[in-house]
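Numbering (this note's numbering), first residue to last: 134 to 674. Built from N, CA and C at the ideal position, the CB exists for glycine as well. Here the structure is a predicted model, which is why all the values come from computation and not from measurement. Everything on this sheet refers to the single structure shown next.
Laid out in C-alpha cells, this is it:
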C-alpha cells in the first residue's frame, strides 16, 4: 500500500522519517523533538568550550576593527567590548534557558510566541545572516589554508594564476577554498553530539595561539604603539564621543545578536537547565580577553610594516618564520571551522528544519548551506558588495526587536509556562489566528520601524535621514526594550492571548520516563496508542 501511494505521489519519496515518539506530527521530526534525557549531557565546561569555539575566530577581529575605526584606541575599546558582550550575554542566558527548560530548539520555541506559521518569517530572519556569513568565512578560511601551504611549500606563493582580475579570485585561492570546503562540509555533517569534540579541540588549541600572538605583539611594540597608547579621534564628522561609544557598543552586541535569539538550539542539550552564572560570564570574559589579540597584532603590524591591517591572512603572510606561519594559520583555520559550525551551519540547518519538518532535516539543510558556500561565489561578495557587508553588520536592528518580543512573551506574559506537546500540535493553543500571532508581529515591527532610516544610512552613507541616525547608534537596545514594552501592553491591556496562557507547564519526559508509543497509519497519520499526561505545578519562589 505504501509503495503504491509513493508511485501515485512521488513527493512522498522526498519525506524525511518524521515519525519520532510522541511528537510524530507534521510539525515534528527527530531533529526537532525534545532532546531525550540521555542526550542532555552538556555541562558548564562544554558551554565554555562552545564559547571559545564561537568567540575566538576572525569575526571577532572584524568586529573589534569596526569599533576602533570609529576613532577609539584600546583604552576605550576594551570597556566597550566588555559591556557590549555583557549586555548581549544577559539575553543569551534568558533565551538559552528557554531551550534548557523544555529541551527544544529555537524553531520550536518561537512557535509559542509567533504562532505555528508565524514562526517562519522569524526563522528566515535569523537564518539569512548565518547563511551569508558562513559563505563569506569560507573564503577567509581558504586564505588561512593558503598560508599553511605556502609555509610548507614556499613555491606555492608563485602558483600560476589562470583567472582574470575581474574573477575576484586567483587560481591558488580557489584551490584552497575548495580544499577547505571539503573539510568544513565533512565536519558540519557530523551530529551535534560528536561536534562537542571539535569544540573541545578548538578550546585546547586556539586560546594558546591567541595568547602567543598577544605576547609577540606586546614584545615587538614594547608595550604598544599608536592603537594602544595613542589618543582617540572620532572619524565621523557628525558623531561625537557619546554617540560613537553607543555605536561601538551596538557593533559589539551585533556580533552575537543573532545567537541571542537562537541560543535554545544549544541550551536544549544542558543537563542542569543552564543553572549557575557560567553562561553569563563566559561571553564577556572570553570575548574581552580574545579581543586583545587582534588589537595588539594590528598595532604590531603598523609598527613593523607601517600600516594598520586587520585581515589576519594578510598579517600572517608577512611572518618570516615558516613554522609560525603554518601553526598560526592552521590554528586560525580551526578557529574558523568552529565558528562556522557553531554560529552558522548548525543554527541555520537546525532552524530551517522547523519550516518543513516533513521534507527538511538537519542533514539536508547542512548539505544546502554547504553548496551555497560555493555556488554563491562568496569571493565576489567580498570584493564587490560593501553594501551587503554593511547590511549584515547592521542586522542587529532586526535581532533586538525579535529577542525583546521573545523574552517578554516567555517570561512576562506566559510566565515560563509552556505546553511542550502543543508546540507540535496543529491548530492547538499556539495556533492563534490562522497560525499567526499578530500581537508578536506588531511588537516586532514597532521595535524595528523607527530604526529603518538609520539602517538605510548604514548601507548608503549619502542618505539624509535627519536625526534618525542617533537612534540607530543604539539600535539593538532600542529595539529590544521597545518591543518588550509594546508586547507587554498589547498582551496585557489590548488583547490577552488567553488560549496560550496556561496554569500548569507541560515538560518533556525526564530521565526514567517514557513517552507514549505512537501508531502510524498507511496515510502517514500518527496517533497515540494511549495518553497519559501529568501536570507539574511550578513552585513560586
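8 Å Cβ cutoff met for residue i and residue j
i	j	result
residue 338	residue 467	yes
residue 536	residue 251	no
residue 596	residue 590	yes
residue 559	residue 159	yes
residue 353	residue 511	no
residue 576	residue 540	no
residue 469	residue 277	yes
residue 613	residue 394	no
residue 570	residue 247	yes
residue 332	residue 423	no
residue 309	residue 275	yes
residue 350	residue 432	yes
residue 183	residue 475	yes
residue 563	residue 245	yes
residue 553	residue 167	yes
residue 196	residue 361	no
residue 114	residue 329	As shown, the chain starts at 134 and ends at 674. That puts residue 114 outside it, with no answer to give.
residue 556	residue 258	no
residue 340	residue 189	yes
residue 606	residue 383	yes
residue 200	residue 381	yes
residue 448	residue 436	no
residue 507	residue 314	yes
residue 193	residue 420	yes
residue 603	residue 376	yes
Nonlocal neighbours in the same chain, by C-beta distance under 8 Å from residue i, ignoring five residues either side
i	result
residue 625	546
residue 518	In this prediction, residue 518 scores a pLDDT of 48, lower than 50, which makes its location untrustworthy; the coordinate-derived value is nonetheless stated afterwards. Correct list: empty, nothing qualifies.
residue 643	170
residue 623	572, 575 and 576
Helix, strand or coil at residue i according to DSSP, with G and I counted as helix
i	result
residue 160	coil
residue 540	helix
residue 529	helix
residue 656	Bear in mind that the predicted position of residue 656 carries a pLDDT of just 42, short of 50, making it unreliable; the figure below should be weighed with that in mind. In this structure, residue 656 counts as coil in the three-state DSSP scheme.
residue 286	coil
residue 190	coil
residue 300	helix
residue 518	Low local confidence applies: a pLDDT of 48 at residue 518 is under 50, so the model's placement there is unreliable, with the coordinate-based value given in what follows. Residue 518: coil per DSSP, three-state reduction.
residue 166	coil
residue 552	strand
residue 370	Summary for residue 370: the model assigns pLDDT 48, below 50, so the residue's position carries little reliability; its value from the coordinates is reported in the next sentence. Coil at residue 370, not helix or strand.
residue 148	coil
7 Å CB neighbourhood of residue i in its chain, flanking five on each side removed
i	result
residue 253	488
residue 303	294 and 296
residue 312	278
residue 498	481, 482, 485 and 486
residue 335	185, 186, 467, 468 and 471
residue 538	246, 573, 576, 577, 616 and 620
residue 219	417
residue 396	225, 228, 229 and 232
residue 318	503
residue 719	Within the shown structure, residues of the chain are numbered from 134 to 674, placing residue 719 beyond reach of any answer.
residue 386	217, 220, 221, 529 and 609
residue 237	167, 397, 401, 553 and 556
Close-in-space but distant-in-sequence residues of the same chain around residue i (CB under 6 Å, 5 per side omitted)
i	result
residue 233	400, 403, 406 and 407
residue 565	248
residue 389	221
residue 459	281 and 284
residue 579	619
residue 289	282 and 283
residue 260	481, 484 and 485
Inset, instruction - Flag this pair as touching only if the stretch 440 to 453 and the stretch 207 to 224 have three or more C-beta atom pairs under 8 Å; answer yes or no. - result: no
Inset, instruction - Mind listing, in chain order, the continuous alpha helix (DSSP H) runs of no fewer than 4 residues lying wholly within the stretch 200 to 278? - result: 207 to 235, 239 to 242 and 244 to 247
Legend entry - alpha helix (DSSP H) runs wholly inside the stretch 384 to 446, at least 4 long, in chain order: 392 to 395, 397 to 400 and 411 to 438
Legend entry - Completely contained alpha helix (DSSP H) runs for the stretch 564 to 643, where each covers 4 or more residues: 571 to 581, 585 to 592, 601 to 605 and 608 to 622
Legend entry - Any 3 or more C-beta pairs closer than 8 Å across the stretch 182 to 202 and the stretch 412 to 421: yes
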